[in-house]
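Protein sequence lines, in the order shown, are assigned to chains A and B.
For the first sequence, the residue numbers in our numbering are 136 to 567.
For the second sequence, the residue numbers in our numbering are 1109 to 1424.
From the three backbone atoms N, C-alpha and C, an ideal C-beta is built for every residue, glycine too.
Given the structure is predicted, the values throughout are model-derived calculations rather than measurements.
Below: the structure, in structure tokens.
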Amino acid sequence: MTSLPAQGHTVGVDARTRSDASRRAADKGFWLLCLAVTTLASIILAVLVVAVMVQGWKYLSWDFLSNYASRFPEQAGFKAALWGSVWVCAVCAVTAVPLGVGTAVFLEEYGPKSGPARKLHEFVQLNISNLAGVPSVVYGIIGLTAFARMFGLFGPANISNYDDMIFLTLKDSTRVVGPSLGEDDTSIVIDDIRSGERVVSLSDIDSRKDRYVLTHTFTLQDGTRVEGRLTGSSPKSLRVFTGSAGGVVDVPREKIAGYDYRAMIEIGSRGTPFYVHLPFGGGVMAAGLTLMLVVLPIVIVSTREALRAVPASLREGARALGATRWQMVSRMILPAALPGVMTGAILAMSRAIGEAAPILVVSGIVFIMNTPSGLTSDFSAMPLQIFSWANMPQEEFKGVAAAGILVLLAVLACFNIAAVVIRQRLQKGLTA
Amino acid sequence: MTTLPTAQHATAAPTGRARSRRWRAAREGVINTSLALCAVFSLLITVAIVYVLATEAFRFFQRPEVTFTEFATGATWQPLLGSEKKFGVWPLVAGTFLVSGIAALVALPIGLITAIYLSEYAGPRVRAILKPILELLAGIPTVVYGYFALVAITPGLKSLGNFDTYNAMSAGIAVGIMCLPIVCSLSEDALRAVPRSLREGAYAVGGTRLDVSLRVVVPAALSGIIAAFLLAFARAVGETMIVALAAGSLPNLTADPRQQVQTMTGYMAQIFLGDAPAGGVEYLSCYAVAALLFLFTFGFTVAGHFVMKRFREVYQ
């Protein structure tokens, strides 16, 4: 068989047929190419890990995990970013998992056979595959507008910026309004908008309100109105940033005839974990919800796969016993699919914890020295902190960034190990 | 059938079973509705994306210093220079496609060859090693790839030639590595979906593995492979952190990969890092750029899914 085509070649009957030897050589050559390329992929991974290890190892210590960010590379720490990521991912998980599982159950178990509901189904499915392709930075912009600024419904919040103002009514019924300059047990120093710095004794105060003010409106004696945020003050005047209208205006204090403000809506008391203000600003809540948008398609797709893997016999059995659809789903199918659902949710969270672009857009780089205290606190997240370190001009901070990467990769490894363990439980469960 | 129990209800005291049945029906209704609302929420996200991008981009074009013609045709993007602001988007688009093009040149051949190897050549033991490595690569956050570009790829390139500290090549290679697992796993899915009978037929007439792979399996899976390419390209176009770290921040209409460029995503990152005032024209320009980026990635994703769907119709 092998000699025949070779003979044909020599005679030149079929010039298109290559000899067996050359075909085998090509096959071998391609196999070698494949090996080389796949080895390359493994080498890339190895180089990546080694490069990060070498750079980051000496900065990795217990202090690195327990210090806050610093201007000095030796003292720079990851604590704020670590806890920020925990808070943001908690918000993301609490919102994305129920929504994603609900959507997947609706698509898989509540499939209508015909009519407009069927069209809705098909449209939702198409839509989810498109949502998965939207770049995360675009989600960031949507999150900024929808969550951080809430479409400007509650005032033109400039991301997380607001003025912390104190409104005092004194016992002689005069009113004092301004940012606090300091407080102690007996008095408050306040930068009153009309009279400037002023010490108010606590015993003179009749009532006190604290407000986060989004915009101030000053009516001057000549009737003009200035609306904006305070950016600074001098004894004689207030410096007001008017946003889009054209920059900074100085308002002389003695010319202020009237004052009005738009405050944030506050729910709960400040300092408690569930304290929330509207709009959310660039805090934990807005960032967590934005990440929810990013990972929602992943949760939906993985949950659908887990639901599809549940044998049809379970559904038929439940239906035959007269279970309603929800009884079937909640007592048979979801428990059977739970390991798969959880694996998908964990992998979605590992995507969320590594996402930097949406958080960058919603919150910007925040240099903070404390961990979040509530749902709308400012925060920093691990990938964002790594980005800002890697972006610094000093070479030492590259090492600090590498140490941050090591911590982030360790957290991701824990997530992946958890997913693998759960997946193996699943396989055992089905074979038993 | 439905009237009977209610008639009984009206006359006699409801039995326990009837009450529980009614309660059950109500509960089913509530659950149905809330599940449907979950599904509708995903539609709302799309609506919100289109609404926000469209209205804010419209506000951008209404600004006196901006015209749509300049945006669509201008070759200078200079939003931050006080008096002489220029909003011609082409440098950003060119930067985006330069970086994504380099990424495609890295990811497509390597991804496809790895996919062919995994699907047609590799035994189960090799697969057991390679698949987790690819999954690991897929799970690495993009900011880590950006760091990798900055500390490993860029110094390597600089030792080879006259590269800038920030350059399109370094970012492109890192984006390519990031896209590699996507190309590979989607292409492999397409290759594995080709029916065995085609392979067996090709082997029966004396084909080597290379003949079977390149002349039978790859052509049969071509639309799936093209879909994989398109989806990976959409990811490359939308990638932000790698280009923000490694590509530079100078909008530059060039095809020279040694120079620094700014991509659409890189521009957005720069503006939001600098805390541009809300309502300012630079800030609004981000929405116009995001709208354009959304149109690009949406186009690639839809094209990818369209091609993939046609492929599925052929073999399933």
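- Message: I want to see whether chain A comes within less than 8 Å of N1140(B), judged by CB atoms only; does it?
- Response: For the purposes of this step, residue 1140(B) is taken as residue 32 along the second sequence, with counting starting at 1. For N1140(B), the answer is yes, since a Cβ of chain A falls inside 8 Å of its Cβ.
- Query: Roughly how many angstroms lie between the CA atoms of L1338(B) and A1212(B), to the nearest whole one?
  - Reply: Locating residue 1338(B) in the second sequence gives position 230, where the first residue counts as 1. Locating residue 1212(B) in the second sequence gives position 104, where the first residue counts as 1. So the alpha carbons of these two residues sit roughly 10 Å apart.
- Would you call the stretch 521–529 of chain A and the stretch 549–558 of chain A in contact, with 3 or more CB pairs under 8 Å? no
- Message: By the three-class DSSP mapping on this structure, what secondary structure does L1288(B) have?
- Response: Taking the first residue of the second sequence as 1, we reach residue 1288(B) at position 180. In this structure, L1288(B) counts as helix in the three-state DSSP scheme.
- Minimum length 4: unbroken alpha helix (DSSP H) runs contained in the stretch 478–554 of chain A: 492–498 and 517–525
- Message: I'd like to know whether the C-beta atoms of V1155(B) and T280(A) end up nearer to each other than 8 Å.
- Response: Working through the second sequence from its first residue, we reach residue 1155(B) at position 47. Working through the first sequence from its first residue, we reach residue 280(A) at position 145. No, they are not a contact pair.
- Message: Which of the three DSSP states is assigned to V1174(B) in this structure?
- Response: One-based indexing of the second sequence puts residue 1174(B) at position 66. Coil.
- For D345(A), does the three-state DSSP call read helix, strand or coil? Taking the first sequence and counting its residues from 1, the one referred to as residue 345(A) is at position 210. Strand, per DSSP.
- Query: Could you check where the alpha helix (DSSP H) with E257(A) kicks off and where it finishes?
  - Reply: For the purposes of this step, residue 257(A) is taken as the residue at position 122 of the first sequence. First-last of the alpha helix (DSSP H) with E257(A): G250 to L266.
- Task: Would you mind telling me which residues of chain B sit closer than 7 Å to R460(A), beta carbon to beta carbon, in chain order?
- Result: Position 325 of the first sequence, counting from 1, holds the residue named residue 460(A). Those within 7 Å of R460(A) in chain B are E1136.
- Message: Along the stretch 1250–1265 of chain B, where does the CB come closer than 9 Å to a CB of chain A? Name the residues.
- Response: T1250, V1251, V1252, Y1253, G1254, Y1255, F1256, L1258, V1259 and A1260
- Message: I'd like to know whether the C-beta atoms of A1298(B) and G1332(B) end up nearer to each other than 8 Å.
- Response: Sequence index remark: in the second sequence, residue 1298(B) carries index 190 (1-based). Sequence index remark: in the second sequence, residue 1332(B) carries index 224 (1-based). For A1298(B) and G1332(B), yes; Cβs fall inside 8 Å.
- With distances taken between CB atoms, is the gap from A215(A) to A204(A) smaller than 8 Å? Here residue 215(A) is taken as the residue at index 80 of the first sequence, counted from 1. Here residue 204(A) is taken as the residue at index 69 of the first sequence, counted from 1. The answer is yes: Cβ separation under 8 Å.
- Message: For a minimum of 3 consecutive residues, which ranges assigned as the beta strand (DSSP E) are wholly contained in the stretch 307–374 of chain A?
- Response: 310–318, 322–327, 331–336, 340–355 and 360–368
- Query: Taking the DSSP output, what are the residues bridged to V384(A)?
  - Reply: Against the first sequence, residue 384(A) aligns to sequence position 249. The partner list for V384(A) (beta bridge, DSSP) reads V375(A).
- Span of the beta strand (DSSP E) around E401(A): Here residue 401(A) refers to the residue found at position 266 of the first sequence. Start and end: I400 to I402.
- Message: Could you tell me the alpha carbon to alpha carbon distance between I1237(B) and Y1253(B), rounded to whole angstroms?
- Response: The residue you call residue 1237(B) lines up with position 129 of the second sequence. The residue you call residue 1253(B) lines up with position 145 of the second sequence. Cα-Cα distance, rounded: 22 Å.
- With contact counted as at least three CB pairs below 8 Å, one residue from each stretch, are the stretch 166–182 of chain A and the stretch 1212–1227 of chain B in contact? yes
- Determine the chain A residues that contact Y1229(B) at a beta-carbon separation under 7 Å, and present them in chain order. Residue numbering aside, residue 1229(B) sits at position 121 when the second sequence is read from its first letter. Chain A residues near Y1229(B): W166 and C169.
- How far does the alpha helix (DSSP H) with T280(A) in it reach, from first residue to last? As a working note, residue 280(A) is residue 145 in the first sequence. Per DSSP, T280(A) belongs to no alpha helix (DSSP H) and is neither H nor E.
- Message: Threshold first: 4 residues or longer. Then list the alpha helix (DSSP H) segments lying entirely within the stretch 1348–1378 of chain B, N to C.
- Response: 1349–1354
- Query: Are the C-beta atoms of S1278(B) and some chain A residue less than 8 Å apart?
  - Reply: As a working note, residue 1278(B) is residue 170 in the second sequence. Taking Cβ atoms only, chain A never reaches closer than 8 Å to S1278(B), which makes this a no.
- Task: Alpha carbon to alpha carbon, how far is S338(A) from T321(A)? Give it in angstroms, no decimals.
- Result: Here the question's residue 321(A) lines up with position 186 in the first sequence. Here the question's residue 338(A) lines up with position 203 in the first sequence. Distance between the alpha carbons of T321(A) and S338(A) is about 8 Å.
- Per the contact definition of three or more C-beta pairs closer than 8 Å, is the stretch 1339–1355 of chain B in contact with the stretch 1285–1294 of chain B? yes
- 8 Å Cβ shell around H412(A) - same chain, five flanking residues per side excluded: What you label residue 412(A) is simply residue 277 of the first sequence in a count that begins at 1. The residues are Y347, M399, I400, E401, I402 and T511.
- Considering only residues of the stretch 412–447 of chain A, which uninterrupted alpha helix (DSSP H) runs meet the minimum length of 4 residues and lie entirely inside it, listed in chain order? 419–443
- Between A1411(B) and the rest of its own chain, which residues show a CB-CB distance below 6 Å, the 5 nearest in sequence each way excluded? Here residue 1411(B) is taken as the residue at index 303 of the second sequence, counted from 1. Counting only Cβ-Cβ distances below 6 Å, and skipping sequence neighbours, we find L1338.
- Take every Cβ of the stretch 267–279 of chain A, pair it with every Cβ of the stretch 441–459 of chain A, and state whether three or more of those distances are shorter than 8 Å. no
- Query: In the structure shown, what three-state DSSP assignment does G1231(B) receive?
  - Reply: As a position in the second sequence, residue 1231(B) is number 123, starting the count at 1. If DSSP states are grouped into helix, strand and coil, G1231(B) belongs with coil.
- Task: Could you tell me the boundaries of the beta strand (DSSP E) in which T304(A) lies?
- Result: Numbered from its first residue, the first sequence carries residue 304(A) at position 169. Taken as a continuous stretch (DSSP letters only), the beta strand (DSSP E) holding T304(A) covers D298 to L305.
- Message: What does the Cβ neighbour count give for C549(A), buried or exposed, with the cut at 16 atoms within 10 Å?
- Response: Position 414 of the first sequence, counting from 1, holds the residue named residue 549(A). Per the 10 Å Cβ criterion, exposed.
- Item | Proximal chain A residues relative to I1224(B), where beta-carbon distance stays under 9 Å | Here residue 1224(B) refers to the residue found at position 116 when the second sequence is read from its first residue. Correct list: F165 and C169.
- Message: So that I know if they touch, is there some Cβ in chain A lying closer than 8 Å to that of T1181(B)?
- Response: If you number the second sequence from 1, residue 1181(B) lands on position 73. Closer than 8 Å: no.
- Query: For a contact meaning CB atoms closer than 7 Å, what does T1405(B) contact in chain A?
  - Reply: Taking the second sequence and counting its residues from 1, one reaches residue 1405(B) at position 297. Under the 7 Å cutoff, chain A gives G268, V269 and P270.
- Task: With DSSP collapsed to three states, give me the class of H144(A).
- Result: Position 9 of the first sequence, counting from 1, holds the residue named residue 144(A). For H144(A), the pLDDT reaches just 41, beneath the cut-off of 50, and the residue's location in the model is therefore unreliable, leaving the point undetermined.
- Query: Taking C-alpha atoms, which residue in Y1375(B), L1318(B) and L1381(B) lies nearest to L167(A)?
  - Reply: Indexing the first sequence from 1 puts residue 167(A) at position 32. Checking every option, the nearest Cα to that of L167(A) belongs to L1318(B).
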